[in-house]
Amino acid sequence: MYIDGQWVTERSHFLVTNPASGDVIGEVPDCTSEDIDAAITAASEALKSWKQTTAYERSGLLYRAWEIMLSRKQELAELMTREQGKPLKASLNEVQYGADFLLWFAEEAKRINGQTIPSSRDNQRFITQKVPVGVVGAITPWNYPISMITRKLAPALAVGCTLVLKPAEQTPLCAKAMAEVFEEAGFPAGVINVITSRDPAPVGEAFCSDPRIRKLAFTGSTAVGKKLNAQAAAHMKRVSMELGGHAPAIVFPDADPAHAAKGLSLVKFLNTGQACISPNRIFVHRVHAEAFLAELTARVCRLKAGSGFEAGNSIGPLINEAALQKVDSQVQDALAKGATLYTGGHRLTDGELRGGLFYAPTVLAGVTPEMRIYYEETFGPVAPVVIYGDEDDVLAMANDTEYGLAAYVYSNNLSTAVKAFEALEFGIIGINDINPTSAAAPFGGMKSSGLGREGAQEGIEEYLETKLGGFALG
Ligand code: ADP
1 MYIDGQWVTE
11 RSHFLVTNPA
21 SGDVIGEVPD
31 CTSEDIDAAI
41 TAASEALKSW
51 KQTTAYERSG
61 LLYRAWEIML
71 SRKQELAELM
81 TREQGKPLKA
91 SLNEVQYGAD
101 FLLWFAEEAK
111 RINGQTIPSS
121 RDNQRFITQK
131 VPVGVVGAIT
141 PWNYPISMIT
151 RKLAPALAVG
161 CTLVLKPAEQ
171 TPLCAKAMAE
181 VFEEAGFPAG
191 VINVITSRDP
201 APVGEAFCSD
211 PRIRKLAFTG
221 STAVGKKLNA
231 QAAAHMKRVS
241 MELGGHAPAI
251 VFPDADPAHA
261 AKGLSLVKFL
271 NTGQACISPN
281 RIFVHRVHAE
291 AFLAELTARV
301 CRLKAGSGFE
311 AGNSIGPLIN
321 EAALQKVDSQ
331 VQDALAKGAT
341 LYTGGHRLTD
351 GELRGGLFYA
361 PTVLAGVTPE
371 MRIYYEETFG
381 PVAPVVIYGD
391 EDDVLAMAND
401 TEYGLAAYVY
411 SNNLSTAVKA
421 FEALEFGIIG
431 INDINPTSAA
441 APFGGMKSSG
451 LGREGAQEGI
461 EEYLETKLGG
471 FALG
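Counting in UniProt numbering, the sequence shown runs from 1 upward without gaps.
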């Protein structure tokens, strides 16, 4: 753990394992309640001088952290593959995406502008200033163990907030490596604190109830997000919540089914489906059903599961046994209720996969609302295909979910695409595009998918208060 510029190791530890092999790859300290308090104290003491630094000083440090992160890209990516299981190429992409936030917010730090506002009284002047919200408590997930850290820390630091980070218990080593990057960049002691905990609940409770923490930034499941939001509301704290998703992907009659199948085979199986923006319901118009399913199945059959360190493997393990069981139970439920299995549908245990948590990339067709998979987030390598006949109905079907994070549309007709973009109740919509994300673009969801946005200019507002001055002139 990294508290007030010091590395803390003398605690009981918990183990970190590689989900591809089951091997223990490290151990990290399990924080005590005193550690949580010490980290919050360090962040609130450091805030006094950190918020007085110029935007140019903060920008310079973020820029330096960006340089260090890129110089360690390979090392960070290899650690991520060992700890989280994703293929090395995907880890390299994530380190780059994570670094992008440092650069974007290093630049944006210099553009935190206030306003002058005309008054109806000739002797009155209004000005506004943007000020940092204060100490931030950040809780991050294991599926994107580095970029979810920088997506929160970079804007917080850019505006003059200090923070305490608690990473997921499955991926604390990536967080430790990022703390080393920030330390080497030269951030003052106490500005960034990292605590690791086997049991996240007491840390969440402390972040929500300690009056010195003014904002909670969370990425994780909707269930935990709702709980933390309720706890934070009791203390009137600002929150950002990036929660679950259940993304629809719609293939319209005017789309190219082969192109759509190619794109969706890539985005569905990215990170082994363990992404909140992963397509979870693929609606294909009946005119394309046969061609789409043939192309999708052919592509999915070519996906190889295994160690992320072996070139050519694109399917990593699931993060733990519970995740694997959840995926399998959704698939078995769908099959019992009449879905058709095109490929996959079982755990992989042959050869080197034996020690890991691998599930065969799966395509299901004939999925209906009676099946759990139609409404529940899967977070695994399963592509459920729903065949539809009516273009107006499909937009209502796509919106029929408590989630509102991402959606995907395939159409070669401009009017169809614009109408779908306007009708879909989701925060991020890819139109013939499977990667609608960037440090410069707002990321976040509607409905039970969360509150607020990360990245982009919206992402920095999350860490700012507006202060109004009304000046009466004598
Ligand atoms: P997932 O099911 O994908 O692991 P979680 O919401 O459980 O998603 O985890 C996301 C992050 O939230 C992790 O850092 C985890 O440790 C943390 N977390 C889980 N439960 C709680 C809780 N009760 N209070 C605070 N943080 C929590």
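Don't be surprised by glycine CBs; every beta carbon is placed ideally from N, CA and C.
As the structure is a prediction and not an experimental result, all values here were calculated from the model.
Restricting to Cα atoms, I'd like to know which of the options is closest to residue i.
i           : options            : result
residue 275 : 345, 205, 407, 10  : 407
residue 340 : 293, 431, 288, 243 : 293
residue 239 : 257, 152, 54, 35   : 152
residue 346 : 365, 324, 355, 336 : 324
residue 65  : 149, 166, 412      : 149
residue 456 : 193, 390, 76, 443  : 443
residue 165 : 40, 258, 286       : 40
residue 315 : 381, 343, 286      : 381
residue 68  : 48, 103, 10        : 103
residue 352 : 23, 9, 2           : 23
residue 194 : 97, 237, 138, 365  : 138
residue 452 : 34, 59, 219, 2     : 219
residue 361 : 301, 58, 396       : 301
residue 26  : 233, 196, 461      : 196
residue 188 : 216, 100, 2, 247   : 2
If residue i sits next to residue j, beta carbons under 8 Å apart, how far is it from one beta carbon to the other, in whole angstroms?
i           : j           : result
residue 81  : residue 308 : 4 Å
residue 214 : residue 133 : 5 Å
residue 62  : residue 177 : Rounded, the Cβ-Cβ distance is 17 Å, inconsistent with contact.
residue 363 : residue 297 : 5 Å
residue 282 : residue 249 : 5 Å
residue 273 : residue 378 : 6 Å
residue 36  : residue 206 : 5 Å
residue 471 : residue 125 : 4 Å
residue 19  : residue 356 : 6 Å
residue 246 : residue 211 : Not confirmed; about 36 Å, so no contact.
Excluding five sequence neighbours on each side, which residues of the same chain lie with their C-beta closer than 6 Å to the C-beta of residue i?
i           : result
residue 299 : 265
residue 463 : 133, 155, 156, 159, 161
residue 428 : 406, 436
residue 51  : 132, 160
residue 372 : 330, 333
residue 389 : 286
Helix, strand or coil for residue i, going by three-state DSSP, please let me know.
i           : result
residue 97  : helix
residue 408 : strand
residue 223 : helix
residue 144 : coil
residue 172 : helix
residue 242 : strand
residue 202 : helix
residue 318 : coil
residue 123 : coil
residue 236 : coil
residue 446 : strand
residue 149 : helix
residue 341 : strand
residue 297 : helix
residue 130 : strand
residue 303 : coil
What residue does the beta strand (DSSP E) around residue i start on, and which one ends it?
i           : result
residue 465 : 464 to 472
residue 430 : 428 to 431
residue 547 : Any question about residue 547 goes unanswered here, given that the chain covers just 1 to 474.
residue 387 : 382 to 388
residue 353 : Per DSSP, residue 353 belongs to no beta strand (DSSP E) and is neither H nor E.
residue 15  : 13 to 17
residue 399 : That residue, residue 399, is in no beta strand (DSSP E); its alpha helix (DSSP H) goes 391 to 399.
Span of the alpha helix (DSSP H) holding residue i?
i           : result
residue 285 : Where residue 285 is concerned, there is no enclosing alpha helix (DSSP H), although the beta strand (DSSP E) it sits in stretches over 279 to 285.
residue 247 : Where residue 247 is concerned, there is no enclosing alpha helix (DSSP H), although the beta strand (DSSP E) it sits in stretches over 247 to 251.
residue 458 : 456 to 461
residue 421 : 414 to 423
residue 41  : 33 to 50
residue 81  : 73 to 84
residue 266 : 257 to 269
residue 10  : No alpha helix (DSSP H) holds residue 10; DSSP gives it neither H nor E.
Between residue i and the rest of its own chain, which residues show a CB-CB distance below 8 Å, the 5 nearest in sequence each way excluded?
i           : result
residue 448 : 222, 226, 243, 244, 402, 403, 404
residue 434 : 263, 264, 266, 267, 408
residue 270 : 90, 278
residue 92  : 73, 74, 77
Quick check on residue i - is its C-beta less than 7 Å from some C-beta in chain C?
i           : result
residue 175 : Given the protein chain composition of this structure (a single chain), no chain C is represented.
Near residue i, what residues of its chain come up, given a Cβ to Cβ distance below 7 Å and the 5 sequence neighbours on each side ignored?
i           : result
residue 260 : 251, 292, 410
residue 144 : 94
residue 254 : 411, 412, 413, 416
residue 190 : 4, 5, 42, 43, 45, 46, 162
residue 313 : 87, 304, 305, 306, 307
residue 142 : 84, 168, 170, 171, 319
residue 56  : 110
residue 467 : 128, 129, 131
With respect to 6 Å, is the separation between the Cβ of residue i and the closest non-hydrogen atom of ligand 3 below this value?
i           : result
residue 376 : In the structure shown, ligand 3 is absent; the only ligands present are ligand 1.
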